[in-house]
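Chains as they are written, first to last, in our numbering: chain Y, 1 to 110; chain L, 1001 to 1114. Cβ atoms here follow ideal geometry from the backbone N, Cα and C, with glycine treated the same way. Everything on this sheet refers to the single structure shown next.
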Amino acid sequence: SQQGEEDPQALSIQEGENATMNCSYKTSINNLQWYRQNSGRGLVHLILIRSNEREKHSGRLRVTLDTSKKSSSLLITASRAADTASYFCATPQGAQKLVFGQGTRLTINP
Amino acid sequence: GAVVSQHPSWVICKSGTSVKIECRSLDFQATTMFWYRQFPKQSLMLMATSNEGSKATYEQGVEKDKFLINHASLTLSTLTVTSAHPEDSSFYICSAISRLDTQYFGPGTRLTVL
């Protein structure tokens, strides 16, 4: 079953703008992960943020986690056409299983 | 980084036939692998957990007799879709857990049942 919701479901912005995607989850977690999926391809792991972390950066990516609100956000700064993809948050369920959010389809217009 | 491969990358078959999809961890051993299914414009849904040397654990609503999983070695898990029907057409993705508990995903297999 899906862990939670992501919004927006689809986002279209101009190249160079920032893109923000949000994820909400339902149960307590140890960590939350963000993945990217190009059309028809597998998943690429972007970043993992632990439950005791509030913010994490990786290059142009910035992830926040608010465990009190059970929500996370992914910010991509200075977007590029190559960032066009679907982005999913995922939370562990049990020892190793991952439960994915519904995803945000991001389109960067040149 | 660690690599997980899937074969085939796409397959088209006739209704009623069986299709086998392989998932291999190329440079690490994986005692646990997962199989996901993804319909167009939707998220990944976990189908089953594949454990080396033991029976797979299926998620609720997934027919174990239809989706046969065999984790024969520490680097190979197979998913066989038996008596496939058009509604089984989907994108099937596997993942493998490394010893560092990091999950690596395969590139996916697109199954089309005519």
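Coarse secondary structure for residue i, derived from DSSP in three states
{"i": "Y/SER1", "result": "Caution is warranted here: a pLDDT of 42 is assigned to Y/SER1, below 50, making its placement in the model unreliable, and no coordinate value can be reported."}
{"i": "L/PRO1040", "result": "coil"}
{"i": "L/ASP1065", "result": "coil"}
{"i": "L/HIS1002", "result": "The question names His, but residue 1002 of chain L in the sequence shown is Ala. It is coil, neither helix nor strand."}
{"i": "L/PRO1123", "result": "Only positions 1001 to 1114 of chain L appear in the structure, and residue 1123 of chain L is not among them; the question remains open."}
{"i": "Y/ALA90", "result": "strand"}
{"i": "Y/ALA78", "result": "coil"}
{"i": "L/ASP1027", "result": "coil"}
{"i": "L/ASP1101", "result": "coil"}
Residue i vs residue j beta-carbon contact at 8 Å
{"i": "L/PRO1107", "j": "L/SER1018", "result": "no"}
{"i": "Y/HIS45", "j": "Y/GLN33", "result": "yes"}
{"i": "Y/ILE29", "j": "Y/PRO92", "result": "yes"}
{"i": "L/GLU1087", "j": "L/SER1073", "result": "no"}
{"i": "L/HIS1071", "j": "L/SER1098", "result": "no"}
{"i": "L/ALA1096", "j": "L/ALA1048", "result": "no"}
{"i": "L/SER1089", "j": "L/VAL1113", "result": "yes"}
{"i": "L/PHE1105", "j": "Y/GLY42", "result": "yes"}
{"i": "Y/SER187", "j": "Y/LYS97", "result": "The first residue shown for chain Y is 1 and the last is 110, placing residue 187 of chain Y beyond what the model contains."}
{"i": "L/TYR1092", "j": "L/LEU1079", "result": "yes"}
{"i": "Y/GLU15", "j": "Y/ARG62", "result": "no"}
{"i": "Y/GLU6", "j": "Y/ASN22", "result": "yes"}
{"i": "Y/ILE108", "j": "Y/THR84", "result": "yes"}
Residue i, buried or exposed, once every other Cβ within 10 Å from all chains shown has been counted against 16
{"i": "Y/LEU106", "result": "buried"}
{"i": "Y/GLY103", "result": "buried"}
{"i": "Y/ARG54", "result": "exposed"}
{"i": "L/LEU1046", "result": "buried"}
{"i": "L/ASP1027", "result": "exposed"}
{"i": "L/THR1109", "result": "buried"}
{"i": "Y/ALA19", "result": "buried"}
{"i": "L/VAL1003", "result": "exposed"}
{"i": "Y/ARG50", "result": "exposed"}
{"i": "L/GLN1038", "result": "buried"}
{"i": "L/ILE1021", "result": "buried"}
{"i": "L/ARG1024", "result": "buried"}
{"i": "Y/GLY40", "result": "exposed"}
Under 7 Å from the C-beta of residue i: neighbouring residues of chain Y
{"i": "L/PHE1105", "result": "GLY42 and LEU43"}
Proximal chain Y residues relative to residue i, where beta-carbon distance stays under 9 Å
{"i": "L/ARG1110", "result": "GLY40"}
Proximity test, residue i beta-carbon vs the ligand MG heavy atom, cut-off 7 Å
{"i": "L/ALA1084", "result": "This structure lacks the ligand MG, and indeed carries no ligand of any kind."}
Neighbour list for residue i in chain Y, Cβ cutoff strictly below 8 Å
{"i": "L/ASP1101", "result": "GLN96"}
| query | Which residues, in chain order, does the region 32-43 of chain Y contribute to contact with chain L at a C-beta distance below 9 Å? | reply | From the region 32-43 of chain Y, only GLN33, TYR35, GLN37, GLY40, ARG41, GLY42 and LEU43 have a Cβ closer than 9 Å to chain L.
| query | For the region 93-110 of chain Y, which residues have a CB atom closer than 8 Å to at least one CB atom of chain L, in sequence order? | reply | Taking 8 Å as the Cβ-Cβ cut-off, the region 93-110 of chain Y approaches chain L at GLN96, LYS97, LEU98, VAL99, PHE100, GLY101, GLN102, GLY103 and ARG105, given in chain order.
| task | May I ask you to list, following chain order, the residues of the region 1030-1051 of chain L that have a beta carbon less than 9 Å from some beta carbon of chain Y? | result | Those would be THR1032, PHE1034, TYR1036, GLN1038, LYS1041, GLN1042, SER1043, LEU1044, MET1045, LEU1046 and THR1049, in chain order.
| said: Residues of the region 1079-1099 of chain L in Cβ contact with chain Y at a cutoff of 7 Å, in chain order, please. | reply: Against chain Y - using a Cβ distance shorter than 7 Å - the residues of the region 1079-1099 of chain L are ILE1093 and ILE1097.
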